[in-house]
Amino acid sequence: MALGTFVLGDAALALLLWTSVLCHPYPFCAWLFTSATYIASLSSSIFIYRAYLHPLANVRGPFLARLSKLWAVAVTVEGRNHATIAELHAKYGDFIRIGPNEVSMSNVAAIHAIYGPRSTLLILLRSPRYKGVPRPANSESLMSFRDHTQHAQRHKVWDRAFTTSALKDYNPLLTHRVQQLSDRLTSESLRGAVDVGKWFSACSFDIMGDLAFDGAFELVENGDVGGYWQTLNEAIRIGAIFINLPWMAAKMPFLPLASKKAKLENFAERQVRGRLEKVAHSKDLSYWLVRGDSPSEAVLVIIAGSDSTTLVSFFLFFFLAQHPAAVARLRQEFQDTHNKYGELTIENLSDLPYLNACINESLRLYPPVPNGHPRRAPEGGATVAEQFIPEGTTVIIPAYTIQRDPKYWCDPNAFRPERWLPEGVTAGRKDDFRAFIPFSYGPYACIGRNLARQEIRLLVATVISRFDFELVEGFDPQEFEKQITGEFLLTRPALPMILHERAQGKHAWRFMKLFLIEYAV
Numbered sequence: 001m002a003l004g005t006f007v008l009g010d011a012a013l014a015l016l017l018w019t020s021v022l023c024h025p026y027p028f029c030a031w032l033f034t035s036a037t038y039i040a041s042l043s044s045s046i047f048i049y050r051a052y053l054h055p056l057a058n059v060r061g062p063f064l065a066r067l068s069k070l071w072a073v074a075v076t077v078e079g080r081n082h083a084t085i086a087e088l089h090a091k092y093g094d095f096i097r098i099g100p101n102e103v104s105m106s107n108v109a110a111i112h113a114i115y116g117p118r119s120t121l122l123i124l125l126r127s128p129r130y131k132g133v134p135r136p137a138n139s140e141s142l143m144s145f146r147d148h149t150q151h152a153q154r155h156k157v158w159d160r161a162f163t164t165s166a167l168k169d170y171n172p173l174l175t176h177r178v179q180q181l182s183d184r185l186t187s188e189s190l191r192g193a194v195d196v197g198k199w200f201s202a203c204s205f206d207i208m209g210d211l212a213f214d215g216a217f218e219l220v221e222n223g224d225v226g227g228y229w230q231t232l233n234e235a236i237r238i239g240a241i242f243i244n245l246p247w248m249a250a251k252m253p254f255l256p257l258a259s260k261k262a263k264l265e266n267f268a269e270r271q272v273r274g275r276l277e278k279v280a281h282s283k284d285l286s287y288w289l290v291r292g293d294s295p296s297e298a299v300l301v302i303i304a305g306s307d308s309t310t311l312v313s314f315f316l317f318f319f320l321a322q323h324p325a326a327v328a329r330l331r332q333e334f335q336d337t338h339n340k341y342g343e344l345t346i347e348n349l350s351d352l353p354y355l356n357a358c359i360n361e362s363l364r365l366y367p368p369v370p371n372g373h374p375r376r377a378p379e380g381g382a383t384v385a386e387q388f389i390p391e392g393t394t395v396i397i398p399a400y401t402i403q404r405d406p407k408y409w410c411d412p413n414a415f416r417p418e419r420w421l422p423e424g425v426t427a428g429r430k431d432d433f434r435a436f437i438p439f440s441y442g443p444y445a446c447i448g449r450n451l452a453r454q455e456i457r458l459l460v461a462t463v464i465s466r467f468d469f470e471l472v473e474g475f476d477p478q479e480f481e482k483q484i485t486g487e488f489l490l491t492r493p494a495l496p497m498i499l500h501e502r503a504q505g506k507h508a509w510r511f512m513k514l515f516l517i518e519y520a521v
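In terms of full-length UniProt numbering, the sequence shown opens at residue 1 and continues consecutively.
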């Protein structure tokens, strides 16, 4: 009702002002004055409505966020979305308004309601923000579908690529690339400090290239001579802006920013077309996606299959370098497993409790997608965790925030892998693992999470078995964490480390290498 009053008032004002222009002896001057008056009147009425009369007016948050999504764009450009949203929740509580029509939640009761299956109490449509997701023209991907039925149909295509048997088919590719990474780290360590994140990223990008496009990148071997990595990083950064302003992606493709986004889309499409022309020698991801007539999934494969996986290993080594006791415990776990089975394999690595605890703790503290996945309230609105959400409101649960929320976690900002083990109960209080959603939750959860964990476990076990590592002298962990940005994905600052091949670990590495070679053949 209030909005209608403002709209009618502005319409009447516009008619009055433009009538005065036609009757004025100096029409151009009158036009300038009339336009300025109309814009000022319209803007002020919108701002007053959004700030004080909107159905979300009682939800606390930054005042500027009530008025325009440009607040979110500014925070995105600054690169501190994840930290800013977490700070706002600490200040205002479980529910905060982060846009004129957008609410962020840090409440476990909201997770199932928002992200759960369709049989739950509440069904929320996916937000229009997914229009901003990079993809080839006139196509949709698993990530961009907003219709439940279409998403379910495309999900079936992806399901075939992540069955137990399919994951086993990927083992030779993973093991070859991890062995290649290990050898590269050895050669780089002879030159001095090594930015391990750079090479972890190169390895994941090569693995993604093998799985999705039948190879062709070779970043570990040759570096980013083709500019693939730069293209990806630029597109992700620009995509984060377009997600906040999807109309910009649709209506302003001539912008330089949009051209960088299009560069990634065109690159991915070329790779898929090239893959279509090849004989399917192995059942990689493209084997299944191409058979499913889904070349538009290429962009999603590039984004989800490369840096998002890298970030987990990257941050885990950042924490392990500061916790030598955790490294020692991991090595003992590897040794015990080797003694029991005679070798370390991808299969028995999956059963190691402390290794999995360390990976979970890295995922908890730095989820690769820190700001969550938006949904939209259905017709008539809905009540989520006792908070009414008006119709059409975008809602989101930021993983970075809820996974560090002191309501649900003991020592929320501390690296404590033990929390994931039976011994992890602290002073009679348990962590609430319902607040752990690094891969999202429900039917829209990350479909490649098992493959990601498989790759991470193998990389971590290989590097820890082969190398001693430490942070360079003068490295400041707190300053490092301040440099972490979170747009769509987290970004990684340089992480320089001193690596030494382990004299006491050469025996263990020999067995690991034999295992890698055996699987890679």
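Glycine residues also receive a C-beta, built at the ideal position from the N, C-alpha and C atoms.
Rounded separation between residue i and residue j - CA only
| i | j | result |
| --- | --- | --- |
| I39 | I46 | 11 Å |
| L355 | A382 | 41 Å |
| P417 | P367 | 15 Å |
| G442 | A113 | 10 Å |
| R502 | F467 | 5 Å |
| R429 | A109 | 19 Å |
| Y49 | F480 | 42 Å |
| A357 | D432 | 15 Å |
| A72 | L42 | 22 Å |
| F217 | V463 | 22 Å |
| V75 | G392 | 23 Å |
| I195 | R453 | Note on identity: in this sequence residue 195 is Asp, with Ile being the wrong assignment. Distance between the alpha carbons of D195 and R453: 22 Å. |
| R364 | P55 | 33 Å |
| V472 | K198 | 16 Å |
| K407 | N371 | 19 Å |
| V220 | Q478 | 29 Å |
| R80 | Q483 | 9 Å |
| N450 | D307 | 16 Å |
| E87 | N233 | 26 Å |
| Y228 | C203 | 13 Å |
| L70 | Q332 | 51 Å |
| A83 | G342 | 45 Å |
| M208 | A36 | 53 Å |
| K91 | V59 | 13 Å |
Coarse secondary structure for residue i, derived from DSSP in three states
| i | result |
| --- | --- |
| E379 | coil |
| F415 | coil |
| G132 | Unreliable placement is indicated for G132, whose pLDDT of 48 sits below 50; the coordinate value is still reported in the next sentence. Correct three-state label for G132: helix. |
| S187 | helix |
| E501 | strand |
| V194 | strand |
| P422 | helix |
| L490 | strand |
| I96 | strand |
| T120 | With a pLDDT of only 38 at T120, under the threshold of 50, the placement of this residue in the model should not be trusted; the figure read from the coordinates follows. In this structure, T120 counts as coil in the three-state DSSP scheme. |
| P443 | helix |
| R453 | helix |
| P172 | helix |
Assigned exposure category for residue i - 16 Cβ within 10 Å defines buried
| i | result |
| --- | --- |
| V225 | exposed |
| G448 | buried |
| K340 | exposed |
| N222 | exposed |
| G99 | buried |
| D210 | buried |
| residue 538 | Since the first residue of the chain shown is 1 and the last is 521, residue 538 is not available in this structure. |
| F213 | buried |
| S165 | exposed |
| R270 | exposed |
| L421 | exposed |
| N413 | exposed |
| G486 | buried |
Extent of the continuous alpha helix (DSSP H) run through residue i
| i | result |
| --- | --- |
| T393 | Note, T393: premise wrong, no alpha helix (DSSP H); not H, not E. |
| S104 | Counting along the chain, S104 falls outside any alpha helix (DSSP H), though it belongs to the beta strand (DSSP E) covering 102–105. |
| D169 | 164–169 |
| I111 | 108–115 |
| I470 | Per the sequence shown, the amino acid found at residue 470 is Glu instead of Ile. No alpha helix (DSSP H) contains E470, which is instead part of the beta strand (DSSP E) from 467–471. |
| L66 | Looking at the sequence provided, one finds Arg at residue 66 rather than Leu. 63–67 is the span of the alpha helix (DSSP H), which, as asked, contains R66. |
| A399 | 399–402 |
| Q478 | 477–482 |
| residue 522 | As shown, the chain starts at 1 and ends at 521. That puts residue 522 outside it, with no answer to give. |
| A72 | 70–78 |
| E221 | 219–222 |
Residue i: first and last residue of the uninterrupted beta strand (DSSP E) it sits in
| i | result |
| --- | --- |
| residue 529 | This structure leaves residue 529 out entirely; the chain is present only between 1 and 521. |
Cutoff 8 Å: residue i Cβ touching any chain C Cβ
| i | result |
| --- | --- |
| E102 | Absent from the structure: chain C. Only one protein chain is present. |
Contact test: residue i Cβ vs the ligand SAM heavy atom, cutoff 7 Å
| i | result |
| --- | --- |
| V196 | The model depicted lacks the ligand SAM and carries no ligand whatsoever. |
*Starting from the N-terminal side, write out each stretch of the beta strand (DSSP E) that is 3 residues or longer and does not extend beyond the region 316–396.*
Taking 3 residues as the minimum length, the beta strand (DSSP E) runs contained wholly in the region 316–396 are 382–384, 387–389, 394–396, in order along the chain.
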